[in-house]
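The next block holds one structure in the form of structure tokens; read it before the comments.
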Amino acid sequence: MSVQSEQTTTKEASPLGRQRAFDTSFVILLVIAMAAATGVAWLHGPGRVVEIMARYLGFLLVLSPKILCGFFVAAAVPILIPREVITRWVGQGSGTRGLAMASLAGALVPGGPMMIFPLAAGFRAAGASTAVLISFVTAWSLYGLNRTVIWEMSFLPIDFVLARVAICLPVPFLLGWLAQKVMR
């Protein structure tokens, strides 16, 4: 593979595309954070703001390796799995099969948001449809197997957990299907 075709593949495989550091979502979050900091400083003094910032900077340092691993997975997916395979199984024309697969994958893939969202971005870059990604992320949010078995079944009555999962079961598929209809 030539250097130029390697560069082309890398550019095409970027799950995030071209991103600006200071986009609208950043400005909104910054305004909310500044309002919160102002409120805390007003009620509890500027020292409390510094204390909170120091604590959560440490938290960010702990999370950074996990976030970087998630980004690497996101970048690797479109390079390791051929675009034709992704497009056939979960692309625009994959229909109900793609939604069902994405719903199942969302339930089975372990990990938190630092893994799921970069993975979804990687699949998007590789050719997965928006409807499929909606099913994938929704299934993970509603009934990720890892969380359901380890946390919910440990603390909540089994009949409650089974009822919640049964009620939520069709939701990822239905939301993906609705997205297909709306986005046509």
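Using our numbering, the first residue of the sequence shown is number 568, and each one after it goes up by one.
For glycine and all other residues, C-beta sits at the position ideal for the given N, C-alpha and C.
Model, not experiment: these values are computed from the prediction.
C-alpha gap between Thr575 and Leu627, whole angstroms:
One-based indexing of the sequence shown puts residue 575 at position 8. One-based indexing of the sequence shown puts residue 627 at position 60. In this prediction, Thr575 has a pLDDT of 45, which is less than 50 and means its spatial position is unreliable; nothing more can be read from the coordinates.
Here's the rule I'm using: 16 or more other beta-carbon atoms within 10 Å means buried, otherwise exposed. How should Leu742 be labelled?
Mapped onto the sequence shown, residue 742 falls at position 175. Leu742 comes out buried.
Let me know if Ser661 comes out buried or exposed under the rule of 16 or more other beta-carbons within 10 Å of its beta-carbon.
For the purposes of this step, residue 661 is taken as the residue at position 94 of the sequence shown. That one is buried.
Inter-stretch contact (C-beta, 8 Å, three-pair minimum) for the region 676-687 and the region 715-732
Result no; under three Cβ-Cβ pairs closer than 8 Å.
Return helix, strand or coil for Phe589, following the three-state DSSP convention.
Within the sequence shown, numbered from 1, the residue matching residue 589 stands at position 22. Coil at Phe589, not helix or strand.
Helix, strand or coil for Pro649, going by three-state DSSP, please let me know.
Taking the first residue of the sequence shown as position 1, residue 649 is located at position 82. Three-state DSSP puts Pro649 in coil, outside helix and strand.
How many Å lie between Leu753 and Val594 at the Cα?
Here the chain covers residues 568 to 751 and nothing more, so residue 753 does not appear.
Alpha carbon of Leu712 to alpha carbon of Val652, nearest angstrom:
Working through the sequence shown from its first residue, we reach residue 712 at position 145. Working through the sequence shown from its first residue, we reach residue 652 at position 85. In this structure, the alpha-carbon of Leu712 lies about 25 Å from that of Val652.
Does DSSP classify Val644 as helix, strand or coil?
Taking the first residue of the sequence shown as position 1, residue 644 is located at position 77. DSSP places Val644 in helix when its eight states are reduced to three.
Mind reading off the beta-carbon distance from Leu666 to Ala695? Whole number of angstroms is fine, and I expect it under 8 Å.
For the purposes of this step, residue 666 is identified with residue 99 of the sequence shown, where counting begins at 1. For the purposes of this step, residue 695 is identified with residue 128 of the sequence shown, where counting begins at 1. Here Leu666 is actually not in contact with Ala695; their C-beta atoms are around 11 Å apart, not less than 8 Å.
Do you know offhand how far Thr663's Cα is from Gly689's?
Residue numbering aside, residue 663 sits at position 96 when the sequence shown is read from its first letter. Residue numbering aside, residue 689 sits at position 122 when the sequence shown is read from its first letter. Approximately 21 Å between the Cα atoms of the pair.
What are the boundary residues of the alpha helix (DSSP H) that Ser702 is part of?
Sequence index remark: in the sequence shown, residue 702 carries index 135 (1-based). Start and end: Thr697 to Tyr710.
For Gln747, does the three-state DSSP call read helix, strand or coil?
Within the sequence shown, the letter at position 180 stands for residue 747. The answer is helix: DSSP assigns Gln747 an H, G or I state.
Could you have a look at Val676 and say whether DSSP puts it in helix, strand or coil?
The residue you call residue 676 lines up with position 109 of the sequence shown. Correct three-state label for Val676: coil.
How about Gly637 and Leu686: do their beta carbons lie closer than 9 Å?
In the sequence shown, counting from the first residue as 1, residue 637 sits at position 70. In the sequence shown, counting from the first residue as 1, residue 686 sits at position 119. Their beta carbons are under 9 Å apart, which means Gly637 touches Leu686 by this criterion.
Exposure of Leu700, with buried meaning 16 or more beta-carbon neighbours within 10 Å:
Along the sequence shown, one-based indexing puts residue 700 at 133. Leu700 should be labelled buried.
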